[in-house]
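S.K.: Take this structure first; my questions come after.
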Amino acid sequence: MIHQNQMALKPAIALENVGGLAFNLIVSKLGPSEAAAVACVNKRFKDWASDESLWSIFSFQELRLSSPVDPLGNPCSSFKAAYGAWRQAYGMYPWPLVIRVKNVWDRIKSWLTDNFPEVLPTLCKGASEAELNELEKALKVRLPLPTRVLYRFCDGQQPCSGIRSGNLCGLIGGYSYYNFLVNVFLLPLNVIIKETRDITRSIKFNSPKYIVMAGSFTYTEKMFFLDCEAGQLYVGTKNLLFNQEMMPCVPNRLIRSVHDSRNGPQQDAMLLWLEEHVRRLENGIIKLREEGNYRSISLFPEEAPMCSLATTCGVQVRASAVFAPEFSDFMEATEKYMFAYSIRMSLKPEGCFVHGMNFDSCQLYWRHWIIKSNDNVVDDINGEAVIGLHPLLLPGKKEFVYESCTTSVSSPGSIEGSFTFVPGRLIDPKGTPFEVEVARFPLGEKVKGISRVKLYLSRFGYLNHQTYPNVKNFEEDYFDEELEVAIKSYQVYYHLNATGTLDAPTVLMMVKPRCGYPDKETYQHRDFSLDIGSHYRLFPNRPKWPNRKRHLTYGFGSRFPISFMPSITRAFNRWASATQYFTFSIAKTSRSADLKISFARRAHGDGALFDGRGGVMAHAFTPMDGRLHFDVDDQWAVGSVQTAYDIETVALHEIGHLLGLGHSQYKNAIMWATISKGETKGLTLDEIRGLRALYGT
Ligand SMILES: [Zn+2]
Ligand SMILES: [Zn+2]
Numbered sequence: 001m002i003h004q005n006q007m008a009l010k011p012a013i014a015l016e017n018v019g020g021l022a023f024n025l026i027v028s029k030l031g032p033s034e035a036a037a038v039a040c041v042n043k044r045f046k047d048w049a050s051d052e053s054l055w056s057i058f059s060f061q062e063l064r065l066s067s068p069v070d071p072l073g074n075p076c077s078s079f080k081a082a083y084g085a086w087r088q089a090y091g092m093y094p095w096p097l098v099i100r101v102k103n104v105w106d107r108i109k110s111w112l113t114d115n116f117p118e119v120l121p122t123l124c125k126g127a128s129e130a131e132l133n134e135l136e137k138a139l140k141v142r143l144p145l146p147t148r149v150l151y152r153f154c155d156g157q158q159p160c161s162g163i164r165s166g167n168l169c170g171l172i173g174g175y176s177y178y179n180f181l182v183n184v185f186l187l188p189l190n191v192i193i194k195e196t197r198d199i200t201r202s203i204k205f206n207s208p209k210y211i212v213m214a215g216s217f218t219y220t221e222k223m224f225f226l227d228c229e230a231g232q233l234y235v236g237t238k239n240l241l242f243n244q245e246m247m248p249c250v251p252n253r254l255i256r257s258v259h260d261s262r263n264g265p266q267q268d269a270m271l272l273w274l275e276e277h278v279r280r281l282e283n284g285i286i287k288l289r290e291e292g293n294y295r296s297i298s299l300f301p302e303e304a305p306m307c308s309l310a311t312t313c314g315v316q317v318r319a320s321a322v323f324a325p326e327f328s329d330f331m332e333a334t335e336k337y338m339f340a341y342s343i344r345m346s347l348k349p350e351g352c353f354v355h356g357m358n359f360d361s362c363q364l365y366w367r368h369w370i371i372k373s374n375d376n377v378v379d380d381i382n383g384e385a386v387i388g389l390h391p392l393l394l395p396g397k398k399e400f401v402y403e404s405c406t407t408s409v410s411s412p413g414s415i416e417g418s419f420t421f422v423p424g425r426l427i428d429p430k431g432t433p434f435e436v437e438v439a440r441f442p443l444g445e446k447v448k449g450i451s452r453v454k455l456y457l458s459r460f461g462y463l464n465h466q467t468y469p470n471v472k473n474f475e476e477d478y479f480d481e482e483l484e485v486a487i488k489s490y491q492v493y494y495h496l497n498a499t500g501t502l503d504a505p506t507v508l509m510m511v512k513p514r515c516g517y518p519d520k521e522t523y524q525h526r527d528f529s530l531d532i533g534s535h536y537r538l539f540p541n542r543p544k545w546p547n548r549k550r551h552l553t554y555g556f557g558s559r560f561p562i563s564f565m566p567s568i569t570r571a572f573n574r575w576a577s578a579t580q581y582f583t584f585s586i587a588k589t590s591r592s593a594d595l596k597i598s599f600a601r602r603a604h605g606d607g608a609l610f611d612g613r614g615g616v617m618a619h620a621f622t623p624m625d626g627r628l629h630f631d632v633d634d635q636w637a638v639g640s641v642q643t644a645y646d647i648e649t650v651a652l653h654e655i656g657h658l659l660g661l662g663h664s665q666y667k668n669a670i671m672w673a674t675i676s677k678g679e680t681k682g683l684t685l686d687e688i689r690g691l692r693a694l695y696g697t
């Protein structure tokens, strides 16, 4: 015990002797409240704890203050005074929430400064506690804590010219097509009171807890309502005025502690929505659109997988769609989802190449659209021109952009098609017309895009994700932080740039055919000093065949093609001769076999579905289960055939699972999770080391 006491005293003594600067570094790791406690210890500590450099560190770490200013932007005499002013101004709120809200506003303002500075003057200064209380009293609501703090930092937008003037400075942005223009502003408190009173005269909500938070008041009324009690944000559909039809903007499961200041983290839909919005802006998923004198934030996605890209004969076409809830209708028996879409076409600087000839211009003549819903063709449209125009493309010139809209009766939907161009000009054609591909783009990210990525990542062990069968899929399009982390970990696993976004290399990796076994349920050995450069993984709890079981028998399912059997036998022999731990032979009856090998389709009774052609092509279970299944819907061959998987290579991989190996991060290893058609592989040292770790003495 004495020994322990001495140990406990030691750091305090050491602290007394360190210099001011080193002490600052130590205390700055503690945080301000601990620093205040240290200041109480004795006079000398007090001097250090009030040291200006220490307070400048706190001010920067928590509030990103690079100079001592109070919340109103007034300079203070010291960082200590500035930090104190911030703590006092927001003392009624949980401090981590204040830091988080300040962070989201800082990011928004920083993006605006770099990209869209005209919006900055429209942002109002923060509202006071009295003003927030006044709104609560006037509308008889209790605002969620995160929304209160958001408005303490910035009281919405007050464009000088008035919000009904057609100004496109909406912070939330929008889209336009035909005669419709949507541009959403975040409203200031006084407008929230007025608009909420106006709208509740025509809409009879069941409860008075809904208030208008944001809206587009251009030619189209699009309105966002905050449910002050639950903290969810809703957007009105086409039927808003008739039956209060609305859709949630943020997954319910992310909303928590909206009125509870003690149990954090507090997050309501307003905070989550703005965080997601600025994340999309920062990552270039949505961008500024410039057209004539107008600039606005455009909600049409600009990045894969929501935006498609194809280049044919030098003509590049980018296409994406955005869901327009305010034109959608869910009252009818057949729900109508309305989508606005944006087509952006340009000619490469080299000009266009058709049949080996080069032209310095081309002009659009014809369009062909195929609209699909649940992979069925619902519409096939042919017509001259786009929105009445025949765009002329010149090399390296700015994209020609046009918008249109379509409805989809059920999701998931998509559009693909082609444009027919004439080399030269329509009035003076220089060659034969040619077709330009418009690559398939999804209608609504909710189903085909993000939710499929979520499903993929959860299936292979990167994300804990549940699907809620009774909740509208709308929620599933939400790209939350959880998903970003999961994508990063997937990217690290496959040696891609860990961007956290669905960039092209990541999407390409995800669509590669692969083994059905998850990557991340496996235990990664970290014994690098003993086994430098190996990447094999073992399963959690390291399941293995017992010592008495070193001879394993295998049998085939009743419909297993005889022509593939020798390949399977060769795969077993390769494992036997390379590792020496096991011998294998064909079982007398397939029922008595240790390892049962068969072809299967879709759901086949083991809880691990196959997915038809493409995607997962095989899977196997850990010791001592012994089942190995090939997906019968994929194409199989003996040896390297360009259109099929080599059955022996895939068998080598799956036998690795049967023996207790997980996936390897070494690309050449047989235990790497993906494989291409026509690819053949043998065993490498990596899996031999893995097996040695499991069965060696
Ligand atoms: Zn595998
Ligand atoms: Zn199976």
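600 is the number that the UniProt record's numbering gives to position 600 of the sequence shown; each next residue is one higher, with no gaps. All residues carry an ideal CB built from backbone N, CA and C; glycine is no exception.
Taking 5 Å as the limit, tell me which residues put their C-beta closer than that to any heavy atom of ligand 1, in chain order.
M.R.: Cβ-based neighbours of ligand 1 within the cut-off: CYS515 and TYR517.
S.K.: Along the chain, where does the alpha helix (DSSP H) that runs through PHE58 open and close?
M.R.: From DSSP, the alpha helix (DSSP H) with PHE58 extends over 52 to 63.
S.K.: Kindly indicate the opening and closing residues of the beta strand (DSSP E) around PHE419.
M.R.: 413 to 425 is the extent of the beta strand (DSSP E) around PHE419.
S.K.: Identify whether ASN190 lies in helix, strand or coil by the three-state DSSP scheme.
M.R.: ASN190 falls in the helix class under three-state DSSP.
S.K.: Quick one: Cα of SER598 to Cα of TYR581, how far?
M.R.: So the two alpha carbons sit approximately 24 Å from each other.
S.K.: For LYS109, name the three-state secondary structure that DSSP assigns.
M.R.: The answer is helix: DSSP assigns LYS109 an H, G or I state.
S.K.: Are three or more beta carbon pairs between the segment 224 to 241 and the segment 268 to 283 nearer than 8 Å?
M.R.: Yes, the segment 224 to 241 touches the segment 268 to 283.
S.K.: Between GLY351 and GLY314, is the Cβ-Cβ spacing less than 8 Å?
M.R.: Taking 8 Å as the Cβ cut-off, GLY351 and GLY314 qualify as a contacting pair.
S.K.: Can you tell me whether PHE630 is helix, strand or coil according to DSSP?
M.R.: PHE630 falls in the strand class under three-state DSSP.
S.K.: Between GLY626 and ASP594, which are expected to be in contact by the criterion C-beta below 8 Å, what is the C-beta distance as a whole number of angstroms?
M.R.: Contact flag correct, Cβ pair sits at about 5 Å.
S.K.: Hey, could you find the ends of the beta strand (DSSP E) ILE343 is sitting in?
M.R.: 337 to 347 is the extent of the beta strand (DSSP E) around ILE343.
S.K.: What are the boundary residues of the beta strand (DSSP E) that includes TYR365?
M.R.: Run containing TYR365: 362 to 373, per the beta strand (DSSP E) assignment.
S.K.: For SER222, count neighbouring Cβ atoms within 10 angstroms of its own Cβ and tell me buried if that reaches 16, exposed if not.
M.R.: For the record, residue 222 in the displayed sequence is Lys; it is not Ser. Burial call: buried.
S.K.: By the DSSP assignment, the alpha helix (DSSP H) with SER567 in it spans what residues?
M.R.: Taken as a continuous stretch (DSSP letters only), the alpha helix (DSSP H) holding SER567 covers 565 to 579.
S.K.: For GLU553, tell me which candidate among PHE584, ILE568 and LYS544 has the shortest Cα-Cα distance.
M.R.: Strictly speaking, residue 553 in this sequence is Thr, with Glu absent from that position. Minimum Cα distance to THR553 is reached at PHE584.
S.K.: Less than 7 Å between the CB of ASP625 and some heavy atom of ligand 2, yes or no?
M.R.: For ligand 2, not one heavy atom lies less than 7 Å from the Cβ of ASP625.
S.K.: Do you know whose CA, among LYS430, LEU609 and ASP379, lies nearest TYR456's CA?
M.R.: With distances taken between Cα atoms, TYR456 lies closest to LEU609.
S.K.: Hey, out of ILE427, TRP111, PRO188 and ASP198, whose CA is closest to LEU132's CA?
M.R.: For LEU132, the nearest C-alpha among the options comes from PRO188.
S.K.: Helix, strand or coil for TYR493, going by three-state DSSP, please let me know.
M.R.: Correct three-state label for TYR493: helix.
S.K.: Could you give the first and the last residue of the continuous beta strand (DSSP E) run that contains MET246?
M.R.: Taken as a continuous stretch (DSSP letters only), the beta strand (DSSP E) holding MET246 covers 246 to 248.
S.K.: Which two residues bound the contiguous beta strand (DSSP E) that contains TYR234?
M.R.: First-last of the beta strand (DSSP E) with TYR234: 233 to 236.
S.K.: Does the beta-carbon distance from LEU496 to LYS454 come in below 8 Å?
M.R.: Against a cut-off of 8 Å, the Cβ pair of LYS454 and LEU496 comes out as no contact.
S.K.: Quick check: the segment 649 to 669 against the segment 508 to 521, are there 3 or more CB pairs under 8 Å?
M.R.: Yes: at least three Cβ pairs fall under 8 Å.
S.K.: Please name the residue or residues paired with ARG514 in a DSSP beta bridge.
M.R.: The partner list for ARG514 (beta bridge, DSSP) reads VAL616 and THR674.
S.K.: Find out if the Cβ-Cβ distance for the pair PRO391, PRO349 is shorter than 8 Å.
M.R.: Cβ atoms of PRO391 and PRO349: not closer than 8 Å.
S.K.: Of all the options VAL511, GLY461, PRO513 and ALA504, which has the alpha carbon lying nearest to the alpha carbon of TYR493?
M.R.: Selected option, being the one with the closest Cα: GLY461.
S.K.: Over the uninterrupted alpha helix (DSSP H) stretch that includes THR643, give me the two end residues.
M.R.: Note, THR643: premise wrong, no alpha helix (DSSP H); not H, not E.
S.K.: Taking only the alpha-carbon atoms, compute the straight-line gap between SER66 and SER53 and give it to the nearest angstrom.
M.R.: Computed Cα separation, rounded: 12 Å.
S.K.: Who sits around ligand 2, taking every residue whose Cβ is closer than 6 Å to one of its heavy atoms?
M.R.: Chain-ordered list of matching residues: ALA600, HIS604, ASP606, ALA608, HIS619 and HIS629.
S.K.: Considering Cα atoms alone, identify which of MET338, ILE688 and THR200 is closest to LEU241.
M.R.: Answer by Cα proximity: THR200.
S.K.: Do PRO71 and ALA81 count as a contact pair if the criterion is CB distance below 8 Å?
M.R.: No, they are not a contact pair.
S.K.: Nearest-angstrom Cα distance between ASP634 and LEU691?
M.R.: One C-alpha to the other measures close to 29 Å.
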